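Participant: My structure is below; once you've seen it, I'll send some questions.
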Amino acid sequence: MVYFSIAFEGDKNVEEYIKLASLADELGFYSFQIYEHIPFKPAFPISFLISRYTKRIKIGAVTIPVFLYRPIQLARYLSLLHEITNGREIIGISRGAYYEFINEPVRRSINDVINFLKDLDDNLKKISKLEAKTIEIYVGTSGPLLAKRAASLEMVSGIVVDMLWNPDYAKKMKEILISFSKNRKIQLVARPFTFIDENPDIAKYKMLDILRSYIKELVGNSPMLASVKVKYEDLCDLKIIEEKILPNFTATGKIEEVLEHTAKMTEAGVDHICYGHPLSREPIKTIKLIKDKIMSYFNPY
13 MVYFSIAFEG DKNVEEYIKL ASLADELGFY SFQIYEHIPF KPAFPISFLI SRYTKRIKIG
73 AVTIPVFLYR PIQLARYLSL LHEITNGREI IGISRGAYYE FINEPVRRSI NDVINFLKDL
133 DDNLKKISKL EAKTIEIYVG TSGPLLAKRA ASLEMVSGIV VDMLWNPDYA KKMKEILISF
193 SKNRKIQLVA RPFTFIDENP DIAKYKMLDI LRSYIKELVG NSPMLASVKV KYEDLCDLKI
253 IEEKILPNFT ATGKIEEVLE HTAKMTEAGV DHICYGHPLS REPIKTIKLI KDKIMSYFNP
313 Y
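If you count the sequence shown from 1, position 85 lands on 97 in the working numbering, and the numbers rise without skipping.
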């Protein structure tokens, strides 16, 4: 079975989140994720709010920069989200982007992420008697080193890779999870930025504009760049973004094109597709389209 989710930026008004989450819940999406990008609205208050308007869908902040909260703070928020969602909470932890907004040195190494996860588990047990392994916890990374270490932790449910839309790289990540997960199931979650439109030229134009704003922060010097023969310095080159980044890092185009590439990603070993920011010009319409054309194709019953 393939899981399907959607993720939204913290740039919408409250009413939009309620409408989007309620519809995704009604249509059977697996989760409704909020990016925790520091320049935008915080993900936890949004998650608390929409939890009251949904019944089945998992909800949470994915992914949270490791330097943004202390483990005890995050444990408290998670405990509340667990209570008000009746156990539908999800969360993601990553090294994180936008750290320059903090205006002070931050700790965001691989070791910092691993130690944070262990401390989070300890704090959850102390304040709520929850165990981290009972919560759906993802680690966000496109790097093999963090993926290996995170996959070996029993409390980690999945590895979420932002901007993953390259089947060859997905295969490599899946092989890592199989090798280091100690014979337990761990999800490989592909979370590409997404723009679906009946007019592929409009989709392409809109996504290129988005990539110019986001790509350096979110991809950084990821090994995913080398996999398509791109250097970090090349991310200022619009031609390279158009020819290399857009097709390998984003789900852009008509719904039929996105369906075809989704199939390639699942064949490469991806367990969970989360279509991300901004989805389209009309997200409500596109959520219904994803349900009718993609989810129904993979999970007809």
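All C-beta atoms in this analysis are idealised placements derived from N, C-alpha and C, irrespective of residue type, glycine included.
Values in this document were obtained by computation on a predicted structure and should not be read as measured data.
Ignoring anything shorter than 3 residues or poking outside the stretch 56-101, list the beta strand (DSSP E) runs there in chain order.
Facilitator: 70-77
Participant: Should residue 312 go down as buried or exposed, given a rule of 16 or more other Cβ atoms within 10 Å for buried?
Facilitator: exposed
Participant: Determine the closest residue to residue 19 out of 55, 50 and 13, with distance taken between C-alpha atoms.
Facilitator: 55
Participant: Under a three-way DSSP split, which group does residue 17 fall into?
Facilitator: It is a strand residue.
Participant: Report yes or no: do three or more beta-carbon pairs, one from the stretch 206-221 and one from the stretch 254-267, lie closer than 8 angstroms?
Facilitator: yes
Participant: Write down the C-beta distance between residue 104 and residue 76 rounded to the nearest angstrom, noting that I regard them as a contact closer than 8 angstroms.
Facilitator: 6 angstroms
Participant: Going along the chain, which unbroken runs of the beta strand (DSSP E) with 3 or more residues stay wholly within the stretch 203-279?
Facilitator: Taking only runs of at least 3 residues, the beta strand (DSSP E) segments lying wholly in the stretch 203-279 are 205-208 and 262-265.
Participant: Looking at residue 82 and residue 126, is the spacing between their C-beta atoms short of 8 angstroms?
Facilitator: no
Participant: In three-state terms, what does DSSP make of residue 148?
Facilitator: Residue state, collapsed to three classes: strand.
Participant: Quick check: residue 264 and residue 215, are their CB atoms within less than 8 angstroms of each other?
Facilitator: Their beta carbons are under 8 angstroms apart, which means residue 264 touches residue 215 by this criterion.
Participant: Given that a residue counts as buried once 16 or more other Cβ atoms are within 10 Å of its Cβ, and exposed if not, what is residue 146?
Facilitator: exposed
Participant: What separation, rounded to the nearest whole angstrom, lies between the Cα atoms of residue 270 and residue 27?
Facilitator: 28 angstroms
Participant: Of the choices 137, 106, 95 and 79, whose alpha-carbon is the least far from that of residue 115?
Facilitator: 79
Participant: Enumerate in chain order the residues of its own chain whose CB-to-CB distance from residue 233 is below 7 angstroms, with the five nearest sequence positions on each side excluded.
Facilitator: 244
Participant: Measuring alpha carbon to alpha carbon, tell me which of 101, 119, 176 and 140 ends up nearest residue 149.
Facilitator: 101
Participant: For residue 23, which residues in the same chain have their Cβ closer than 8 angstroms to its Cβ, ignoring the five residues on either side in sequence?
Facilitator: 52 and 53
Participant: In terms of residues, what are the limits of the beta strand (DSSP E) holding residue 44?
Facilitator: First-last of the beta strand (DSSP E) with residue 44: 43-46.
Participant: What does a CB cutoff of less than 7 angstroms around residue 305 pick up in its chain, not counting 5 residues either side in sequence?
Facilitator: 267 and 271, listed in sequence order.
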